[in-house]
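Notes to accompany the following structure.
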Amino acid sequence: MTDENIEIKSDFGNLTTFYSLLYTGAAFLFIGLALIFTDTPEIGLIFIFIASILIIVTFVIFYIILYRVWKFIIDKEQGLGITPSIPSAGRAIGFLLIPLFNIYWIFRAFGKLPVEINLVAKKYNVQKTVQDNLGYIIGIFSLMGLIPIIGYITVAINFLILLPLFITRCVEVCELIVASDVTPDRTTEITTTEKIEWQSIKEFSSLFDNEEHSINYFIGIALFISLFIIRIIRLATFQGFEDYLMPEFDYFINGVAIDLIISVLFVFTCYLVKKNWLQPFVWGVVIAAVFYFRSIIFMNAQLLPGENIIKIPSLNILELIKDFTWGFAFMFGFVFAINIWGAKIWSLIVGLTISYVVYKSLYLALGYGPTLLDYNYDYIFSETDIINLFGRIITALLLFGGLFVHFDNLQSKKILQKTVVD
């Protein structure tokens, strides 16, 4: 029996209703936004209100379908003797509703589902598959939605293209599994002798063993997104929401460039430096060098017409020490949290938070300021420090997500290659 000749009947949900509400809501939203800038903004608000209701209903339907797909796949895996990556459909969907934690969980609930659907489909001799990386792409685009200007585009792509494509493909393959008349081979517990346990990461001679595990691009993406989120939070906090929505172009481009450079260098530092104890020192030097060269670029960007001489700022030892300390403390908190407590969400949050407190203490010890005491406050940390500590939590969540996606992706490939059939 071929996939094309199967008459599909299942209880996953009505995709036609989902599409209708989705695109009707999007149309009302775009019309409303357009009318906001006309002489009749009240009508625009009415359209936006209606669009909001339609979009909320759309996502309720989406999560109901996603829940049913997860429950179906988990039941099938358990029947085949396969341990699901998420033990229950309720957890798969429920954790997506937890603020901040869902930044990490979206990569599990969406990222793991295609792999597990394809594994079950293979057992039922279903040829159609779901693209393995589609869920991860949705996660990345969701995080990029926090970035002004670019975020508007990525949210639209996610909302109108990727999510409908993802859920449609998942439902199609699951329906083909339901309709299949193939008796699947039951497998033993899916495992490998080379299974990567989270706790074992701390036993590596270096954080990223390039011979076995290759370079981890995902932590670079995670760090870039977290740096940019923190930058935008600062912008919205100190300059207002209007500047968050439409930031100054030069500021936006300079911020993107610095965040991107730091993220790329972070990936290669973790990849190339083989000793964990050496990584904080190297990262401190890298950060100090990046900010020094940034000062050279900024100084020469302000040259007056007719000035052709490249200006080199004098070396400020205290400034270099401050930048080195920031880089050293950050990498120390990241690497040694993993080595001491293992790669867990709480360990990365604790490690990066402690590293910021240590950095701030040294920062004040060097006589750098201003501090809140300079503004006649009675407590130690300023509003900026609170934002930075909150940023460390975001960074920890995203870096954990990067670690998880990288190592779990490798584990999934090993599982697929070493499935044992009774």
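Residues 2 to 423 (our numbering) make up the sequence shown, in order. Glycine included, each C-beta is placed from N, C-alpha and C at the ideal position. Predicted model, so just to flag it, every value in this text is computed and none were measured.
Member of the options whose CA lies at the smallest distance from the CA of residue i
| i | options | result |
| --- | --- | --- |
| Phe354 | Leu365, Phe337, Ala366 | Reading off the sequence, residue 354 comes out as Thr, not Phe. Checking every option, the nearest Cα to that of Thr354 belongs to Phe337. |
| Ala330 | Ile297, Asn317, Ile346, Val287 | Val287 |
| Val172 | Gly14, Tyr360, Ile49, Lys345 | Gly14 |
| Leu67 | Phe167, Gly152, Tyr105 | Phe167 |
| Phe108 | Asn119, Ile94, Asp40 | Ile94 |
| Ile65 | Leu16, Phe29, Asn134 | Leu16 |
| Ile51 | Phe29, Phe405, Arg69 | Phe29 |
| Phe405 | Tyr105, Leu273, Lys361 | Tyr105 |
| Tyr364 | Phe19, Pro88, Leu321 | Leu321 |
| Gly1 | Ile75, Gln79, Thr84 | Outside the shown range of the chain, which is 2 to 423, sits residue 1, and nothing can be said about it. |
| Ile148 | Asn134, Phe63, Phe225, Pro85 | Phe225 |
| Asp324 | Tyr218, Val268, Phe294 | Phe294 |
| Met332 | Glu384, Ala366, Lys276, Ser362 | Lys276 |
| Ala27 | Ala157, Gly45, Thr169, Thr385 | Ala157 |
| Asp260 | Ile57, Arg232, Leu23 | Arg232 |
| Gly352 | Gly45, Arg393, Leu316, Phe282 | Arg393 |
| Ile57 | Ile44, Ile83, Leu23 | Leu23 |
| Lys1 | Ile47, Ile32, Gly82, Phe282 | Within the shown structure, residues of the chain are numbered from 2 to 423, placing residue 1 beyond reach of any answer. |
| Ile47 | Phe60, Thr59, Ile32 | Ile32 |
| Thr59 | Tyr153, Ile44, Pro165 | Pro165 |
| Asn427 | Pro100, Arg170, Val274 | Lying before the first or after the last residue shown, residue 427 is absent from the chain, which here runs from 2 to 423. |
Residue i classed as buried or exposed, judged by whether at least 16 other C-beta atoms fall within 10 angstroms
| i | result |
| --- | --- |
| Lys77 | buried |
| Ile297 | exposed |
| Gly140 | buried |
| Ser21 | exposed |
| Trp278 | exposed |
| Asn377 | Reliability of the predicted coordinates at Asn377 is poor, the pLDDT of 40 falling under 50, and the value obtained from them is presented with this limitation in mind. Classification of Asn377: exposed, given that the 10 Å Cβ count is below 16. |
| Ala289 | buried |
| Leu34 | exposed |
| Phe102 | exposed |
| Met145 | buried |
| Leu177 | buried |
| Gln79 | exposed |
| Pro42 | exposed |
| Ile339 | buried |
| Pro281 | buried |
| Thr326 | buried |
| Tyr153 | exposed |
| Ala122 | buried |
CB contact flag (residue i, residue j, <9 Å)
| i | j | result |
| --- | --- | --- |
| Ser227 | Ile395 | yes |
| Ser143 | Asn159 | yes |
| Met73 | Val179 | The identity of residue 73 in the sequence shown is Phe, whereas the question assumes Met. Yes. |
| Ile262 | Val291 | yes |
| Ile54 | Ile37 | no |
| Val70 | Lys129 | no |
| Ile222 | Ser264 | yes |
| Phe115 | Val131 | Note on identity: in this sequence residue 115 is Pro, with Phe being the wrong assignment. In contact: Pro115 and Val131 (Cβ atoms closer than 9 Å). |
| Ile350 | Ala397 | yes |
| Phe267 | Ile220 | yes |
| Gly285 | Gly328 | yes |
| Ile62 | Thr25 | no |
| Glu117 | Pro85 | yes |
Below-9 Å beta-carbon distance, residue i vs any chain B residue
| i | result |
| --- | --- |
| Ala223 | Here chain B cannot be found, since the structure has a single protein chain. |
Take every Cβ of the stretch 346-360, pair it with every Cβ of the stretch 387-401, and state whether three or more of those distances are shorter than 8 Å. Proximity of the stretch 346-360 to the stretch 387-401 meets the contact definition, three or more beta-carbon pairs being nearer than 8 Å.
Flag this pair as touching only if the stretch 103-118 and the stretch 129-145 have three or more C-beta atom pairs under 8 Å; answer yes or no. Yes, they touch.
Meets three-Cβ-pair contact criterion under 8 Å: the stretch 331-351 and the stretch 395-404: Enough Cβ pairs lie closer than 8 Å, so yes.
Pairs of beta-carbons, one from the stretch 255-265 and one from the stretch 221-236, closer than 8 Å: are there three or more? For the pair of segments examined, the stretch 255-265 was found to touch the stretch 221-236: the number of CB pairs separated by less than 8 Å reaches three.
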